[in-house]
Amino acid sequence: MRMVFIGPPGAGKGTQAERLVKTYGMAHLSTGDMLRAARDAKTEIGVKAERFMSSGALVPDEIIIEIIGQRLAEPDCRGGYLLDGFPRTIAQAEALDRMLAEKKTPLSVVLELRVPEEELFRRLAGRGRADDSSEVIRQRLVAYRKQTEPLLEYYTRAKLLTSIDGLGTVEEIFGRAKAVLEGSS
Ligand code: ADP
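For the sequence shown, my numbering assigns the number 2 to the initial residue and increments by one for each residue that follows.
(1) Going by other Cβ atoms of all chains shown within 10 Å of its Cβ, with 16 needed for buried, is D85 buried or exposed?
(2) Give the secondary structure of A12 by DSSP, where H, G and I count as helix, E and B as strand, and everything else as coil.
(3) S164 bridges to which residues according to DSSP?
(4) Note down the Cα distance separating I64 from L101, rounded to an integer number of angstroms.
(5) Does the ligand ADP have even one heavy atom less than 7 Å from the beta-carbon of T16?
(6) In the DSSP assignment, find the unbroken beta strand (DSSP E) run with R3 in it and report its ends.
(7) Measuring CA to CA, which of M35, L182, L152, T32 is closest to S109?
(8) Pull the bridge partners of L30 from the DSSP assignment, please.
(9) Among P107, L21, V143, S185, whose alpha-carbon lies nearest the alpha-carbon of T163?
(10) Grouping DSSP H, G and I as helix and E and B as strand, with all else coil, what is E75?
(11) In angstroms, rounded to a whole number, what distance separates the CA positions of S1 and R72?
(12) Hey, would you say the C-beta of R139 is under 7 Å away from at least one heavy atom of the ligand ADP?
(13) Out of curiosity, what's the CA-to-CA distance linking M27 and T16?
(14) For T90 versus T149, is the C-beta spacing smaller than 8 Å?
(15) Hey, is V60 close to the ligand ADP, as in C-beta under 7 Å from one of its heavy atoms?
(16) Alpha carbon to alpha carbon, what distance is there between H29 and V111?
(17) Can you grab the Cα-Cα spacing for the pair G190 / V60, in whole Å?
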């Protein structure tokens with residue numbers, strides 16, 4: 002299974018992604034994790050990405066597309082993968098489509114985790130990561146609304162999108178996600 006997991010910051014995507022990759026044996030491709038690792042290792046990409054991440058802005062498309070292109074070529078991706086935090090812009094989604102068309106490995110499903118904005122703010126304010134100060138949180142939510150939400154229509158047109166409610170217990174939400182994946186594998 003090749004899936005894209007979309008949801009705003011604070012939706013609980015990371016928690017669900019970890020369970021889904023274990024259950025379905027997919028590689029977990031989180032661009033947020035990749036960028037944080039690059040930043041901590043002070044690689045050239047990490048140093049470039051840092052100033053965007055720390056202000057809540059998206060890292061430029063060409064950097065992300067390059068990282069994902071390399072990652073998708075690794076052998077563990079042949080058994081399927083979950084893309085977590087990518088694509089986040091229409092340009093990234095188009096680049097992904099091109100890469101996958103070339104490999105003849107189309108996406109199986111795009112899953113959206115929906116959580117109302119007031120709830121996101123509440124959750125993020127309680128999390129305490131370095132990029133979780135309230136101005137940065139606001140910026141990340143704005144970036145989601147402006148740059149990532151248009152993907153919902155993009156993937157609806159491609160007949161790939163299913164949305165689930167992100168309110169409830171971790172177990173309840175996981176059950177909803179599994180029900181979608183069982184229907185699309
Ligand atoms: P969140 O916790 O907001 O869901 P992530 O952990 O996925 O965020 O990513 C943290 C930061 O890394 C983002 O705020 C952004 O600066 C950068 N980032 C991650 N993925 C992408 C992407 N696909 N395109 C651009 N920037 C990204």
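All C-beta atoms, glycine included, are put in the ideal place defined by N, C-alpha and C.
The answer reads as follows:
(1) Within the sequence shown, the letter at position 84 stands for residue 85. By the neighbour-count rule (16 or more Cβ atoms within 10 Å), D85 is buried.
(2) Here residue 12 refers to the residue found at position 11 when the sequence shown is read from its first residue. Coil, per DSSP.
(3) Looking up residue 164 in the sequence shown gives position 163. DSSP output for S164 lists E113 as bridge partner(s).
(4) Reading the sequence shown from its first residue, position 63 is the one you call residue 64. Reading the sequence shown from its first residue, position 100 is the one you call residue 101. Rounded to the nearest angstrom, the two C-alpha atoms are 18 Å apart.
(5) For the purposes of this step, residue 16 is taken as the residue at position 15 of the sequence shown. T16 Cβ: outside cutoff for every heavy atom of the ligand ADP.
(6) In the sequence shown, counting from the first residue as 1, residue 3 sits at position 2. From DSSP, the beta strand (DSSP E) with R3 extends over 3–7.
(7) Reading the sequence shown from its first residue, position 108 is the one you call residue 109. Nearest C-alpha to S109: L182.
(8) Counting from 1 along the sequence shown, the entry for residue 30 is found at position 29. The partner list for L30 (beta bridge, DSSP) reads L84.
(9) Position 162 of the sequence shown, counted from the start, is the residue given in the question as residue 163. Here the closest residue by C-alpha is S185.
(10) Reading the sequence shown from its first residue, position 74 is the one you call residue 75. Three-state DSSP puts E75 in coil, outside helix and strand.
(11) This structure cannot settle anything about residue 1, because the visible part of the chain is limited to 2 through 186.
(12) On the sequence shown, position 138 is the one that residue 139 refers to. No, the beta carbon of R139 sits no closer than 7 Å to any heavy atom of the ligand ADP.
(13) Start at 1 with the first residue of the sequence shown, and residue 27 comes out as number 26. Start at 1 with the first residue of the sequence shown, and residue 16 comes out as number 15. Whole-angstrom Cα-Cα distance: 15 Å.
(14) Mapped onto the sequence shown, residue 90 falls at position 89. Mapped onto the sequence shown, residue 149 falls at position 148. Cβ atoms of T90 and T149: closer than 8 Å.
(15) In the sequence shown, the residue the question calls residue 60 occupies position 59. Within the cutoff, so yes.
(16) To locate residue 111, count along the sequence shown from 1; it is residue 110. To locate residue 29, count along the sequence shown from 1; it is residue 28. Using only the alpha carbons, I get a separation of about 15 Å.
(17) The structure shown does not extend to residue 190, since the chain is modelled only from 2 through 186, so no value can be given for it.
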